[in-house]
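Q: Residue numbers (the working numbering), protein chains in the order written: chain Y, 1 to 672; chain S, 1001 to 1672.
Every residue gets a Cβ at the ideal spot worked out from N, C-alpha and C, and that includes glycine.
Shown below is the structure under consideration.
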């Protein structure tokens, strides 16, 4: 019975998502104008997905063949499942999100509470799909392949591949549209944000869904399954006699699903008027349920509280990183205020101080991760039993991600509220509606920043856990930095996040330029567009973003996938180990740096717009707008892309571990 | 006899420097106005040095006591010598540079060739002092302490400590003055660069000497002696029976000194009218002499050409990195032109594209370093004899740095030419003079960028070589990334360059703000200052830069010195090994990223000023000025500071290796 518990919990999650989705559908989607705009956004989002699927189909076929031939057919099947399950989670999540946005706007006519509930329910569908599909897929494959864990890394590879498309492609999409819409619309034409006369406005709103809902969901889906895969793999090596203990990570994930549902129900029905508090309380309740449940589980299955300690270490580190992110990126704290002050002397000082804040903000999260890793390792007795210690680290990752259901819900709520505001603006709803959606949106900005911090932390811990699995899979006894080959791997690995950052930022620049030219063209060539008499060609802008995003993610994607294979084949398993180490270290740092610098610039601008440092239209404000524009690709494209890079490289190494171990190191052999 | 050859070559270098210096002193220092301005700059530079020495005295006393008590008195003596020799090199170099500047300006009245010769001779004094004092100090201590290499790491620590003050403090100084002078003078008051009415103009010119002459010299002095120390240390472990072989790195350095002198003589007496070509040819000739001489030495001492291969690998990688740096930062190539194009859409796109160029530019240098490391290791037979392979890597570092004499000369020539231009402007010399100094200055910008690339490459290789010595000194058999403690070290180590970057950038911001306020105050409170009727208070501005630079470098300095000791004491030698690995990897990347982004922004602005993309005064130009201002602390403060960070951390670890190996890992023992 307990074998099927994870599947049952997964099914419960999907039913819960279905119920939430039905509830949203029942709500009114407002007047004709609102329906029309919502339809544009919905169609745009689906257009992106369908175009993406075409690319994905080719990609999946190629990788399936490669994996099937080089590894085995079971891993290939796992890969296909991982890819499809991630696609499904993104599809359902985005479908419901693009329904919930207009209904949130309509509900805002009748007050904040209902609007919050709909937006949050929309996000919760994404959250539940992520955890439900993740656990169902993993459990069925694990049980279906006779509890042999050696194939399920393929599931992680599938999840990672989709995350690459969704997060990197989505990140380029959303920022190309955003920057394009802003630079021509706001700056050149002088029309407000979300103005329906701006041809890029629909693409901008679609981008929120593509990048912040589907992209973020796929990113966390990858972390979620990656951490479980790592714990299952390591557990199978250790507990050869106890399938129950091997299954433990799945039990823990099941507990997290129940905890998330409890938290979501609480938040949805809260009487509190402060949306931030409502969401926080829901998250804390879910965390509390996990803590209590884990204590019981840990004691029942392992007969002690060591496992409990590792898991709680992960959970606490995750929450702390979120909090730290808030401190560096919210304008209630001094870092953002300092950037606003520095904006008074012009754009250069805005940029310098923002970069400094971003770099500075890496310190505490890294120290937290370091402490978390040590606690998780040593509490499991890692000093005497390294394998158990590494297992502890992987459990910390699972623990951190156990409440992914509600984390994604809170995170995906933001773009829905943002979209609702856009729809309200474009449909010319009364300003009271816009006030409510603005308030919800501003809470969404904070939750987005926290969610980003969490995504980075979880990516780091997941990658470290998978790194340990990689070493087990290749039978590596050490990855020795005194071996120059490892050192070379380390240097090259550390370089990849910089290369990835450069490529993705340039991609946003290129795509945004195409968008800018198209918007300018429409402003010039469509008569009556500025007077609102004739409609802009939204579809063309959506097309441009879609095509550019998918084209531009090919090169970074190829680099992320081939670099580890190339390194392994040329310089062998140990060099590849060094490369992963370097990529994870530099990648996590670049991710925190870029995400927090971007978040801080964004809020420095908002702070000034709230009337500080001269307020809107002042020179400080102009400087802050420059910071915000630089921050856009930082926080929404390149920063999050690092998560994908480090996880994808690690899982590729794990999947191809046997091939590299047996046939790798070609150049090394020549050098000898 | 051959034992004393290095000392003799060192003495030759100093005599050569003395001769050059005499030659410069003989030249005319122009009219009274020129003499007056030159005196201001000279006094300002000396004021900085004297104030710095007060801090240094305290610092040296403390560290001497710590080293004397914890390690031994011989290492402490070496430390004092290393510090004093580096101070002397900086003192002589800067003294002559502040004499050469005005004489270059005066010589420019009589044509470019003579001006070039004086400026280059001034730089050559710095170069010869660096290599001469470096090799004399090392040789005498090595011979004096009975050829026992275990103490001379103290010499490296001394050199590193001074480099910290000179490079980080100097970097903050020069950019505070530069940014302060530009923002109020050029932007607010609308007066041209180097205008004598600007109170910060002298501080700005002093900054060129403090940061670009003394700072750069101390940085390369540190790399130079660090690489030799590493090779001596490793050689002593390997060649227990052959003092000649142990001495080899000193012989190689001697050869490099002769080669540099040949190159300098050639360049000084070249008939070529193209200054860039003249300097390049000198460098290549020095390189060729090293190549030929090394081939002979290698065969004579080791009986084969393996050693030759390692050394040449280092030399070639150093020159290639310089060339690559030029490609990414010179406006003859497409990266800089792209930034200029992107400036047409405003400051935000200038910044984004510059950051992307900087990140992108890390790829090739890292791959070159990787290849160089592998070649140097395997050509020495590292596959079968790891120690020999590591020795090969340290020889590659010595090889790369063998021509430091002429490299520093070419590099220090730039700020002298820059100063000459400033003096010409302030003394209202005919525009033909300014044209010549401008041409020399623009060549200086390219050589500075190349020099920066070289400094980074050499810092990386030196740090890697010292890293190998550290492992030997602590008897570490491995630094295993599968040990979570090493992984934690790696993460924390990789974080430090980000922290260092944040701190140094903030320091520039703070110091620049003080400068801005002072300049504004003087413009307001000194009547007739804008009409040129009354003199600004230059000294006050020099004071502000000096005080701020020395105050602001304390915190980063303490972090760089204490972090490795703290990590070693808490988590042990292996964690410290991981930390160095992480710091070197991330530090090199950040250094390349920041230096090249800054260089590219600088030249994008110059490219636009040359009439492209709308030319001076256009919107593109305004955007490019923002990029240049952000780039200033990037390329001249934070970027170069990374070199110091990684070398200082490594040498601290090496010096305290025995203490950490015997008493470290306190927390680790508690966790067990």
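Distance check for residue 1272 of chain S and residue 504 of chain Y, CA to CA, integer angstroms please.
A: Straight-line Cα distance between these residues: approximately 45 Å.
Q: Residue 1630 of chain S CB to nearest chain Y CB: under 8 Å?
A: Yes, its Cβ sits closer than 8 Å to a Cβ of chain Y.
Q: Quick one: using the 10 Å Cβ neighbour count with 16 as the cut-off for buried, is residue 241 of chain Y buried or exposed?
A: Residue 241 of chain Y is exposed by the Cβ-count criterion.
Q: Closer than 8 Å, CB to CB, is residue 1498 of chain S near chain Y or not?
A: With 8 Å as the cut-off, residue 1498 of chain S counts as an interface residue toward chain Y.
Q: What's the C-alpha gap between residue 1311 of chain S and residue 644 of chain Y?
A: C-alpha separation (whole angstroms): 39 Å.
Q: Which first and last residues belong to the alpha helix (DSSP H) in which residue 1383 of chain S is found?
A: Taken as a continuous stretch (DSSP letters only), residue 1383 of chain S belongs to no alpha helix (DSSP H), as it is neither H nor E.
Q: Going by C-alpha to C-alpha distance, which of S/1147, S/1439, S/1590 and S/1038 sits closest to residue 1099 of chain S?
A: It is S/1038.
Q: Check whether the segment 1644-1660 of chain S and the segment 1467-1474 of chain S are in contact - that is, three or more C-beta pairs closer than 8 Å.
A: With the cut-off at 8 Å, the segment 1644-1660 of chain S and the segment 1467-1474 of chain S touch.
Q: Under a CB-based cut-off of 8 Å, is residue 1143 of chain S close to chain Y?
A: False, the Cβ-Cβ gap to chain Y never drops below 8 Å.
Q: Apart from the five residues just before and just after residue 1476 of chain S, which ones in its own chain have a Cβ nearer than 7 Å to its Cβ?
A: Same-chain partners within the cutoff: 1573, 1574 and 1577.
Q: Assess, as a yes-or-no matter, whether the segment 1447-1454 of chain S is touched by the segment 1242-1257 of chain S under the definition of 3 or more beta carbon pairs within less than 8 Å.
A: Contact between the segment 1242-1257 of chain S and the segment 1447-1454 of chain S is absent, because fewer than three Cβ pairs lie under 8 Å.
Q: Strictly under 8 Å for the Cβ-Cβ distance: is residue 1378 of chain S near chain Y by that measure?
A: Closer than 8 Å: yes.
Q: Helix, strand or coil for residue 418 of chain Y per DSSP?
A: Correct three-state label for residue 418 of chain Y: helix.
Q: Quick check on residue 332 of chain Y: does DSSP put it in helix, strand or coil?
A: Coil at residue 332 of chain Y, not helix or strand.
Q: Compute the Euclidean distance between the alpha carbons of residue 1080 of chain S and residue 597 of chain Y, then round it to the nearest angstrom.
A: Roughly 42 Å separates the two Cα atoms.
Q: Per DSSP, which one or two residues make a beta bridge with residue 480 of chain Y?
A: According to DSSP, residue 480 of chain Y bridges with S/1480.
Q: When the distance is taken between beta carbons, is residue 290 of chain Y closer than 8 Å to residue 256 of chain Y?
A: Cβ atoms of residue 256 of chain Y and residue 290 of chain Y: closer than 8 Å.
Q: So, helix, strand or coil for residue 1426 of chain S, using DSSP?
A: It is helical.
Q: What are the uninterrupted segments assigned as alpha helix (DSSP H) that are 4 or more residues long and contained completely in the segment 1118-1165 of chain S, given in chain order?
A: DSSP runs (the alpha helix (DSSP H)) wholly in the segment 1118-1165 of chain S: 1153-1163.
Q: Terminal residues of the continuous alpha helix (DSSP H) containing residue 432 of chain Y?
A: Element bounds for residue 432 of chain Y: 431-473.
Q: Any idea if residue 1148 of chain S is buried or exposed, counting beta-carbon neighbours within 10 angstroms, 16 or more meaning buried?
A: So residue 1148 of chain S ends up on the exposed side.
Q: Closer than 7 Å by C-beta to residue 1535 of chain S: which residues in its own chain qualify, once you throw out the five before and the five after it? Chain order, please.
A: Once the five neighbours on either side are set aside, residue 1535 of chain S has no close Cβ partner at all.
Q: Taking CB distances under 8 Å as the criterion, tell me whether residue 1651 of chain S reaches chain Y.
A: No, residue 1651 of chain S does not count as interfacial toward chain Y.
Q: At the 8 Å Cβ level, is residue 1522 of chain S part of the contact set with chain Y, yes or no?
A: Cβ-Cβ to chain Y under 8 Å: no for residue 1522 of chain S.
Q: In chain S, what lies closer than 8 Å to residue 648 of chain Y by C-beta?
A: What residue 648 of chain Y touches in chain S: nothing, since even the nearest Cβ is about 19 Å away.
Q: Return the chain-ordered list of same chain residues with a C-beta closer than 6 Å to the C-beta of residue 495 of chain Y, the five sequence neighbours on each side being excluded.
A: Here the set comprises nothing.
Q: Can you tell me whether residue 531 of chain Y is buried or exposed, with buried defined as 16 or more other CB within 10 angstroms of its CB?
A: Looking at its Cβ environment, which holds fewer than 16 other Cβ atoms inside 10 Å, residue 531 of chain Y is exposed.
Q: According to the neighbour-count rule (16 or more other Cβ atoms, all chains shown, within 10 Å of its Cβ), is residue 1538 of chain S buried or exposed?
A: Classification for residue 1538 of chain S: buried.
Q: Is the beta carbon of residue 1625 of chain S less than 8 Å from the beta carbon of residue 351 of chain Y?
A: No, these two residues do not count as a Cβ contact at 8 Å.
Q: Assign residue 1332 of chain S to one of two classes, buried (16 or more other C-beta atoms within 10 Å of its C-beta) or exposed (fewer than that).
A: When all chains shown are included, residue 1332 of chain S counts as exposed.
Q: Checking contacts by CB at 8 Å: is residue 1452 of chain S closer than that to chain Y?
A: Not one chain Y Cβ lies under 8 Å of residue 1452 of chain S.
Q: Can you pull out the residues from the segment 1465-1483 of chain S whose beta carbon lies closer than 9 Å to at least one beta carbon of chain Y?
A: Those residues of the segment 1465-1483 of chain S that come within reach of chain Y (Cβ to Cβ, closer than 9 Å) are 1467, 1468, 1471, 1476, 1477, 1478, 1479, 1480, 1481, 1482 and 1483.
Q: Taking only beta carbons into account, state which residues of the segment 1320-1350 of chain S come closer than 8 Å to chain Y, listed in chain order.
A: Going along the segment 1320-1350 of chain S in chain order, one finds 1342, 1345, 1346, 1347, 1348 and 1349 with a Cβ nearer than 8 Å to chain Y.
Q: Short of 6 Å in beta carbon distance, which residues of its chain neighbour residue 278 of chain Y, apart from the five on each side in sequence? Order them along the chain.
A: The residues are 267, 270 and 272.
Q: Could you work out which residues of chain S lie near residue 506 of chain Y, taking near to mean beta carbons separated by less than 7 Å?
A: Per Cβ cutoff of 7 Å: 1356.
Q: Just to check my reading of the structure: residue 414 of chain Y and residue 437 of chain Y have Cβ atoms closer than 8 Å, yes? What is that Cβ distance to the nearest angstrom?
A: Not really, about 12 Å apart at Cβ, beyond 8 Å.
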